[in-house]
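Here the structure comes first, spelled out in structure tokens, and everything after it is commentary.
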Amino acid sequence: MSIRARLAPLARPVLRKHPYFKKAIKSLDVYVDLLRHSTAAVLPQIIQPDPREIYVTLTANCNLRCIGCKYGRDFMPGAQLSWPVVRDLLDDCKDLGIRSIRLYGGEPLLHKDLTRIVEPSVGLGLNTWMTTNGILLRERIDDLYKAGLRSISLGYYGTGEEYDRYVQRKSKYTHLEEGVAYLRDRFGMNVDLALGWVLMRPTCSIEAVRKTWEFAERYCIPVGVSLIHYSLPYFTEGPNRELQFQAEDRPAIDQVVAELIRLKRIRPELLQQSEMALRSVPDWLLKGPGMKVPCERYRLIWVGADGTVQMCYVTFKLGNLHDKRLAKMLFTPEHQQFARDAFALRCPGCHCSYHNRIEMHAPSRLRYS
2 MSIRARLAPL ARPVLRKHPY FKKAIKSLDV YVDLLRHSTA AVLPQIIQPD
52 PREIYVTLTA NCNLRCIGCK YGRDFMPGAQ LSWPVVRDLL DDCKDLGIRS
102 IRLYGGEPLL HKDLTRIVEP SVGLGLNTWM TTNGILLRER IDDLYKAGLR
152 SISLGYYGTG EEYDRYVQRK SKYTHLEEGV AYLRDRFGMN VDLALGWVLM
202 RPTCSIEAVR KTWEFAERYC IPVGVSLIHY SLPYFTEGPN RELQFQAEDR
252 PAIDQVVAEL IRLKRIRPEL LQQSEMALRS VPDWLLKGPG MKVPCERYRL
302 IWVGADGTVQ MCYVTFKLGN LHDKRLAKML FTPEHQQFAR DAFALRCPGC
352 HCSYHNRIEM HAPSRLRYS
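So the sequence shown is numbered by the numbering used here: it starts at 2 and just counts up by one.
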């Protein structure tokens with residue numbers, strides 16, 4: 002366990018009472034990371050495994066059939082983590098000093114033991130959040146709130162008919178909005194919501210940004226700009242790569258980014274990425290693996306619905322929870338090498354955590370500031 006992980010429980014009560022101090026600590030963290038990554042360019046051994054968060058795919062089942070996703074079909078079909086496996090995983094997270102846990106899928110609201118999982122996760126002091134498509138939110142939020150869940154991110158793939166077309170199910174956007182409206186009416190701002198808006202060819206327009214922004218303002222939900230993937234094993238680029246960008250799309254991307262930056266300046270609290278990160282978006286979308294920005298996923302652990310444990314979504318497999326506990330997989334020589342390999346981009350490449358990577362990389366800060 003790192004020194005930072007040991008100090009976090011002691012600092013947390015103070016930071017809750019003094020949000021400005023928390024903001025200052027966060028800013029300091031960015032500059033410490035900037036120094037670390039700059040140093041690692043010449044001394045790579047400074048990069049060590051530092052798992053701060055874990056993403057747990059509770060189930061591969063899904064109630065949508067999104068054009069760009071393989072979950073619910075041919076990626077780990079039918080796989081689902083059992084309660085005993087998740088229970089041991091939660092205990093190991095606590096012991097290892099992993100502070101944040103993301104419960105997702107597939108669609109986590111389809112997991113029958115979700116409430117049973119949330120309660121001990123919150124009880125152990127883990128920062129617990131769930132990523133969902135929100136279709137079943139109205140049916141399940143009361144029990145989840147009672148169990149202690151206070152943070153939810155929603156996948157957002159367009160508005161109205163555009164959403165239904167992408168998820169290949171009728172009237173699902175209506176269900177999503179009804180769930181969000183119910184949550185806000187019942188629990189107000191006691192639940193932190195975030196909107197994971199995916200920027201892809203079908204959503205790359207000023208009109209799409211405007212509709213998304215209206216939804217965000219109506220329900221007081223900050224927008225996080227996610228980018229269409231090109232290397233994750235469970236995503237696709239759609240038939241004939243219809244979701245993926247081409248060089249000729251640069252003007253449309255630039256227009257959308259300019260609009261996002263304009264909105265960021267009007268309501269900074271409603272857009273999660275910094276202006277610096279937003280300016281980098283066209284290059285991430287068009288250069289793909291050609292973006293040579295060091296990775297910070299040595300701070301992540303990803304768990305698949307079949308028990309697979311990797312250091313990131315794409316690669317660096319550490320083992321399987323059905324064979325051994327998480328505690329036996331971490332901080333091994335293999336894990337240490339994976340951390341350095343990830344930083345050095347010895348991998349298929351992706352744009353995960355693109356906003357953090359830009360801010361931790363001195364040349365990128367200079368380029369996009």
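Note that beta-carbon positions come from the ideal geometry of N, C-alpha and C, so glycine has one too. Please read these numbers as outputs of a predicted model, since none were measured by experiment.
Environment of residue i [buried if 16+ CB atoms lie within 10 Å]
i, result
"R300", "buried"
"H38", "buried"
"R66", "exposed"
"P109", "buried"
"L319", "buried"
"I207", "exposed"
"A12", "Annotation note: pLDDT 49 at A12 (below 50); position unreliable, no value reported."
"L138", "buried"
"L36", "exposed"
"I153", "buried"
"A259", "exposed"
"E270", "exposed"
"L145", "buried"
Endpoints, alpha helix (DSSP H) assigned at residue i
i, result
"Y183", "K173 to F188"
"Y355", "Y355 to E360"
"A343", "P334 to F344"
"T213", "I207 to Y220"
"M131", "No alpha helix (DSSP H) holds M131; the beta strand (DSSP E) holding it covers N128 to T133."
"I262", "R251 to I267"
Beta carbon of residue i nearer than 9 Å to that of residue j
i, j, result
"G124", "G161", "no"
"V224", "A195", "yes"
"I68", "L244", "yes"
"L97", "V57", "no"
"G425", "Y72", "With the chain represented from 2 up to 370, any question about residue 425 goes unanswered, as that position is not in the structure."
"L59", "V87", "yes"
"Y355", "V282", "yes"
Selection from the options that minimises the alpha carbon distance to residue i
i, options, result
"H336", "L44, Y32, I48 and A42", "I48"
"L111", "P334, A306, V43 and A343", "A306"
"W84", "A253, H176 and V119", "V119"
"N62", "D75, R53, G79 and C70", "G79"
"K288", "F246, G156 and K265", "F246"
"E54", "T129, C70, E218 and A345", "T129"
Run of the beta strand (DSSP E) containing residue i, from where it starts to where it stops
i, result
"Y157", "S152 to Y157"
"A195", "D193 to L200"
"L319", "K318 to N321"
"T60", "E54 to T60"
"P105", "The sequence given here has Tyr at residue 105, not Pro. Start and end: S101 to G106."
"I302", "L301 to V304"
"Q311", "T309 to Q311"
"S227", "V224 to L228"
Check: Any chance the stretch 291 to 309 sits against the stretch 273 to 280, with 3 or more Cβ pairs inside 8 Å?
Finding: no
Item checked: the stretch 231 to 244 in contact with the stretch 345 to 354 per 3-pair CB rule at 8 Å -> yes
Margin query: Check whether the stretch 171 to 182 and the stretch 201 to 215 are in contact - that is, three or more C-beta pairs closer than 8 Å.
Written below: The count of Cβ pairs closer than 8 Å, one atom from the stretch 171 to 182 and one from the stretch 201 to 215, stays below three, leaving the stretches out of contact.
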